[in-house]
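Numbering (our numbering), first residue to last: -13 to 211.
Spelled out as structure tokens, the structure:
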């Protein structure tokens, strides 16, 4: 018998053959049972997976809260060091004589304005002034302003701890220079927090006022230093 005939007879046999019905039924029953076991296994595993996800999420929250990354500002990964005034020596400054101090020229301008009041304090590390604080009350366009303005003379990535949040503000532009702006509220009244670097000095300004964009009067004062 040649190969072609043998192959043909085998093909005819398998085409005509039929499997017993009980064999196919057993196979279907086995498949259904296997599927039920998979579903049971998945249902037992689901609560464990959910608990694992919850543990991971809580861990991330805990780490971010109690071990925050020492970064801020616009450049992710930039490391800042912080200081506070308890480490410094403070001394009051007459705002009328501040015009001779780089970065504090604005103090005399405010002192000379009939609608404002300013108290000025300098903070020293050893004999070097690294920070100045101006507490300002101002009436402008019929609105009261309560403002605090810090002038800082430290390296770029060394920052007064109380104002570090200013460094994460939204970038804005005014009269061809850039500043960072953060907006908040104090008992329903707008609070504008501004960071600006100009004239080789870092400035941090907080203005509480209902005057829309009332902080810009201070930007004009700093711009003209």
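Backbone N, C-alpha and C define an ideal beta-carbon position, used for all residues, glycine too.
{"Asked": "For residue 112, is the classification buried or exposed, using 16 other Cβ atoms within 10 angstroms of its Cβ as the cut-off for buried?", "Found": "exposed"}
{"Asked": "On the DSSP bridge list, what partners appear for residue 78?", "Found": "107"}
{"Asked": "Which word fits residue 48, buried or exposed, when buried means at least 16 other C-beta atoms lie within 10 angstroms of its C-beta?", "Found": "Any answer about residue 48 is weak, because its pLDDT of 44 lies below 50 and its placement is not dependable; what the coordinates show is given next. Residue 48 is exposed by the Cβ-count criterion."}
{"Asked": "Given this structure, state the Cα-to-Cα distance separating residue 57 from residue 103, to the nearest angstrom.", "Found": "For residue 57, the predicted model reports a pLDDT of 40, less than 50, meaning its position is unreliable; a value from the coordinates is still stated below. Cα to Cα, the separation comes out at about 36 Å."}
{"Asked": "Within 10 Å of its beta-carbon, does residue 186 have 16 or more other beta-carbons around it, so buried, or fewer, so exposed?", "Found": "exposed"}
{"Asked": "Leaving out the 5 sequence neighbours to the left and right, which residues in its chain are closer than 6 Å to residue 182 when beta-carbon positions are compared?", "Found": "165 and 189"}
{"Asked": "How many angstroms separate the CA atom of residue 201 from the CA atom of residue 91?", "Found": "18 Å"}
{"Asked": "Would you call the segment 159 to 177 in contact with the segment 191 to 201, where contact means no fewer than 3 C-beta pairs closer than 8 Å?", "Found": "yes"}
{"Asked": "Considering Cα atoms alone, identify which of 191, 80 and 171 is closest to residue 93.", "Found": "80"}
{"Asked": "Note down the Cα distance separating residue 96 from residue 123, rounded to an integer number of angstroms.", "Found": "10 Å"}
{"Asked": "If you draw a straight line from the C-alpha of residue 65 to the C-alpha of residue 100, how long is it?", "Found": "43 Å"}
{"Asked": "Evaluate the contact criterion for the segment 159 to 173 versus the segment 114 to 123: three or more CB pairs, one atom per stretch, below 8 Å.", "Found": "no"}
{"Asked": "Check for me: the alpha helix (DSSP H) holding residue 175 runs from which residue to which?", "Found": "Not the alpha helix (DSSP H): residue 175 falls in the beta strand (DSSP E), residues 175 to 184."}
{"Asked": "Look at the Cβ atom of residue 89, then the Cβ atom of residue 163, and state whether they are nearer than 9 Å.", "Found": "no"}
{"Asked": "Using a threshold of 9 Å, state whether the C-beta atoms of residue 191 and residue 108 are closer than that.", "Found": "no"}
{"Asked": "Based on the DSSP secondary-structure assignment, which residues constitute the bridge partners of residue 149?", "Found": "BP columns for residue 149 are empty, so no partner."}
{"Asked": "Give me the residue from 98, 75 and 127 with the minimum Cα distance to residue 83.", "Found": "98"}
{"Asked": "Looking only at DSSP bridge pairs, what is residue 115 linked to?", "Found": "110"}
{"Asked": "Comparing C-alpha positions only, which one of 151, 204 and 208 sits nearest to residue 131?", "Found": "204"}
{"Asked": "Does the Cβ of residue 224 have 16 or more other Cβ atoms within 10 Å, making it buried, or fewer, making it exposed?", "Found": "Residue 224 lies beyond the stretch modelled for the chain, which goes from -13 to 211, so this question has no answer here."}
{"Asked": "Please go through the same chain and pick out, in chain order, the residues whose beta-carbon is closer than 8 Å to the beta-carbon of residue 110, but skip the five residues on each side of it.", "Found": "74, 75, 76, 77 and 116"}
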